[in-house]
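Undergrad:
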Amino acid sequence: MRRIRSERGAALVTMLFLMLALLMMSLSSARGALAGAKSARYERDRQMAHAAAEAALRDAERDIDGAAGPTSPRTAIFAALDAAVFVERCRGQAEYAGLCKAATGKAAPAWQAADLAGRAGVEYGRFTGRTLPTGVATLPAVAPRYLIELLPGSHPLFRITALGVGADPGTVVVLQSHYRRAAGGQPGRRLGWREIANWPELHRAAS
Numbered sequence: 038m039r040r041i042r043s044e045r046g047a048a049l050v051t052m053l054f055l056m057l058a059l060l061m062m063s064l065s066s067a068r069g070a071l072a073g074a075k076s077a078r079y080e081r082d083r084q085m086a087h088a089a090a091e092a093a094l095r096d097a098e099r100d101i102d103g104a105a106g107p108t109s110p111r112t113a114i115f116a117a118l119d120a121a122v123f124v125e126r127c128r129g130q131a132e133y134a135g136l137c138k139a140a141t142g143k144a145a146p147a148w149q150a151a152d153l154a155g156r157a158g159v160e161y162g163r164f165t166g167r168t169l170p171t172g173v174a175t176l177p178a179v180a181p182r183y184l185i186e187l188l189p190g191s192h193p194l195f196r197i198t199a200l201g202v203g204a205d206p207g208t209v210v211v212l213q214s215h216y217r218r219a220a221g222g223q224p225g226r227r228l229g230w231r232e233i234a235n236w237p238e239l240h241r242a243a244s
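Heads up: take any position in the sequence shown, counting from 1, add 37, and you land on the numbering used here.
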């Protein structure tokens, strides 16, 4: 009888260890599944923010090309290329909004020091009349914004910096391109672009 009880006790202990092992494996699998789902949601949100920033780049290019209309003061700025209206930290108002003077010396670049996410940035569609749905379900939380910086040189060149946000306001992507305006009302040309992965840190350092 004592032998039978000993065997039953050993079997019970073995079962308890097996159940504990299965529980740990289940918890580990659930944790991995949750982490995977969170990573997938973030990646989708980041792609949305990237698409929004790209839309803002294109909106800025249309702005430079005169989408506001041939009689608009905004179009006249780019047609005449009045450098005086491009100001430090992009603090212009009305038709001068979002126009930045290039920094000189060791000063932080205008796009880095300016409040791109706030009052200095131009909201998508402001001068082009285009719209972008936001704030619902899986759409961007807010409209993307952009700045246009006039770079020095004999051949006018603009540096555009655009910020896009995902459905989560904390998911931000900043893209930057160089754009040359064409003569005679023809579309200009983008000369290249890049993503500024550490824009929040750069902006905080320059502010």
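C-beta atoms are modelled at their ideal positions from N, C-alpha and C, and glycine is treated no differently. As the structure is a prediction and not an experimental result, all values here were calculated from the model.
1) Distance, Cα to Cα, Leu194 vs Tyr183?
2) Which first and last residues belong to the beta strand (DSSP E) in which Thr198 is found?
3) I'd like the span of the alpha helix (DSSP H) that includes Glu238, first residue to last.
4) Buried or exposed: where does Lys143 fall if 16 or more other Cβ atoms within 10 Å of its Cβ makes it buried?
5) Would you please state the rounded distance, in angstroms, between the beta carbons of Gly201 and Ala86? I believe it to be under 8 Å.
6) Am I right that Asp205 and Ala178 are in contact with their C-beta atoms under 8 Å? What's the rounded C-beta distance?
7) In terms of residues, what are the limits of the alpha helix (DSSP H) holding Gln149?
8) Just the Cα atoms here: how many angstroms apart are Arg217 and Ile185?
9) Candidates Leu94, Met62, Leu53: which alpha carbon is nearest Val210's?
10) In chain order, what residues of the same chain have a beta carbon less than 6 Å from the beta carbon of Ala134, not counting five sequence neighbours either side?
11) Please report the straight-line C-alpha distance between Ser214 and Gly106, rounded to a whole angstrom.
12) In terms of residues, what are the limits of the beta strand (DSSP E) holding Ile185?
13) Around the Cβ of Asp82, are there at least 16 other Cβ atoms within 10 angstroms (buried) or fewer (exposed)?
14) What's the gap between the Cα of Ala116 and the Cα of Pro189?
15) Say whether the segment 51-62 touches the segment 166-176, bearing in mind that this needs 3 or more beta-carbon pairs closer than 8 Å, one atom from each stretch.
16) Given a cut-off of 7 Å, decide if Leu212 and Glu232 are closer than it, judged by their beta-carbon atoms.
TA: Taking the structure as given:
1) One-based indexing of the sequence shown puts residue 194 at position 157. One-based indexing of the sequence shown puts residue 183 at position 146. Each residue's Cα considered, the two are about 16 Å apart.
2) Sequence index remark: in the sequence shown, residue 198 carries index 161 (1-based). That run of the beta strand (DSSP E) goes 194-202.
3) Start at 1 with the first residue of the sequence shown, and residue 238 comes out as number 201. 236-243 is the span of the alpha helix (DSSP H), which, as asked, contains Glu238.
4) The residue labelled residue 143 in the question sits at position 106 within the sequence shown. Under this definition Lys143 is an exposed residue.
5) Position 164 of the sequence shown, counted from the start, is the residue given in the question as residue 201. Position 49 of the sequence shown, counted from the start, is the residue given in the question as residue 86. With 8 Å as the limit, Gly201 and Ala86 qualify as a contact, their Cβ atoms being about 4 Å apart.
6) Here residue 205 is taken as the residue at index 168 of the sequence shown, counted from 1. Here residue 178 is taken as the residue at index 141 of the sequence shown, counted from 1. Yes, they are in contact, since the Cβ atoms of Asp205 and Ala178 sit about 7 Å apart, within 8 Å.
7) Working through the sequence shown from its first residue, we reach residue 149 at position 112. Residues 147-150.
8) What you label residue 217 is simply residue 180 of the sequence shown in a count that begins at 1. What you label residue 185 is simply residue 148 of the sequence shown in a count that begins at 1. Roughly 12 Å between the two C-alpha positions.
9) Taking the first residue of the sequence shown as position 1, residue 210 is located at position 173. Checked all of Leu94, Met62, Leu53; the closest Cα to Val210 is Leu94.
10) The residue labelled residue 134 in the question sits at position 97 within the sequence shown. Cβ within range, chain order: Val159.
11) Reading the sequence shown from its first residue, position 177 is the one you call residue 214. Reading the sequence shown from its first residue, position 69 is the one you call residue 106. So the alpha carbons of these two residues sit roughly 23 Å apart.
12) Within the sequence shown, residue 185 is the residue found at index 148, counting from 1. Unbroken beta strand (DSSP E) run through Ile185: 182-188.
13) Here residue 82 corresponds to residue number 45 of the sequence shown, with the count starting at 1. Burial call: buried.
14) Here residue 116 refers to the residue found at position 79 when the sequence shown is read from its first residue. Here residue 189 refers to the residue found at position 152 when the sequence shown is read from its first residue. The straight-line gap from Cα to Cα measures roughly 17 Å.
15) no
16) Working through the sequence shown from its first residue, we reach residue 232 at position 195. Working through the sequence shown from its first residue, we reach residue 212 at position 175. Yes.
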